[in-house]
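Participant:
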Amino acid sequence: MRVGIATDHGGFGLKEELLAHLRAAGHEVVDFGAHGLNPGDDYPDFVIPLARAVAAGTVERGVAVCGSGVGASVCANKIPGVRAGLVHDHYSARQGVEDDHMNIICMGARTIGPFAAWDLVETFLGAEFSQAERHLRRLGKVASLEPEVISDRRGAGTTPRKT
Ligand code: RB5
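With our numbering applied, the sequence shown corresponds to residues 33 to 195, in that order.
#1: Buried or exposed: ALA116, going by 16 or more other Cβ atoms within 10 Å of its Cβ?
#2: From the DSSP output, read off the bridge partner residues of GLY94.
#3: Below 8 angstroms, can you find three or more Cβ-Cβ pairs linking the stretch 78-94 to the stretch 118-126?
#4: Closest to LEU196 by C-alpha separation, out of GLY45, ASP40 and VAL129, would be which residue?
#5: Suppose the cutoff is 6 angstroms on Cβ atoms and the five residues either side in sequence are ignored; what does the same chain contact list for ALA108 look like?
#6: Using a threshold of 8 angstroms, state whether the C-beta atoms of LEU50 and ALA148 are closer than that.
#7: Would you say MET33 and HIS53 are within 8 angstroms of each other, going by their C-beta atoms?
#8: Taking the CB atoms as reference points, tell me whether CYS238 and THR39 lie closer together than 8 angstroms.
#9: Quick one: what's got a C-beta closer than 7 angstroms to ALA66's C-beta in the same chain, skipping five residues either side?
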């Protein structure tokens, strides 16, 4: 799978570990940074380009890390077409995709360890959206909140609104 990954300084070490795991597992990884440990950097500078790439489909799914994962998830969900979740448990890593079509997983490097984080990423990437009618209906209601896009019936993505 073509996967994007991003972090600020709060998740830099974990991002480097996950990047190595992803490549070893055969994924094509786009690294949106940070490309070095800079305690003064800001998570939106890395997470927003990742989120835009996921929304545009240039990467299929995203992994966003910061200290807690909160800033990354808040930030990513501002981009229409992104369905990001802050996930620190195995159940949600799978069910968030199957039911909610999560396309970016967010994690906090200060709250979970690297082994658990890699398990969550593997689980997230291995899961597929169910296409169940009830979830499509719910996703349609969520997508209707997005001002810049119109949702499609599959709930799978978004289409730019024609002006
Ligand atoms: C950076 O110190 C930290 O605030 C950031 O990584 C993240 O935890 C924000 O949610």
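Quick reminder that beta carbons are idealized off the backbone N, C-alpha and C, glycines included.
Facilitator: On the basis of the supplied data:
#1: Stepping through the sequence shown from its first residue, residue 116 is reached at position 84. So ALA116 ends up on the buried side.
#2: Position 62 of the sequence shown, counting from 1, holds the residue named residue 94. The partner list for GLY94 (beta bridge, DSSP) reads GLY36 and ILE136.
#3: no
#4: Residue 196 lies beyond the range of the chain shown here (33 to 195); nothing can be said about it.
#5: By 1-based counting over the sequence shown, the position of residue 108 is 76. Cβ neighbours of ALA108 beyond the five flanking positions: VAL79, ALA83, ALA96, VAL114, ALA116 and ILE136.
#6: By 1-based counting over the sequence shown, the position of residue 50 is 18. By 1-based counting over the sequence shown, the position of residue 148 is 116. Not in contact: LEU50 and ALA148 (Cβ atoms no closer than 8 angstroms).
#7: Here residue 33 corresponds to residue number 1 of the sequence shown, with the count starting at 1. Here residue 53 corresponds to residue number 21 of the sequence shown, with the count starting at 1. Contact flag unset, no.
#8: Here the chain covers residues 33 to 195 and nothing more, so residue 238 does not appear.
#9: Position 34 of the sequence shown, counted from the first residue, corresponds to residue 66. Within the same chain, ALA66 has close Cβ partners THR39, ASP40, HIS41, PHE44, ASP73 and PHE78.
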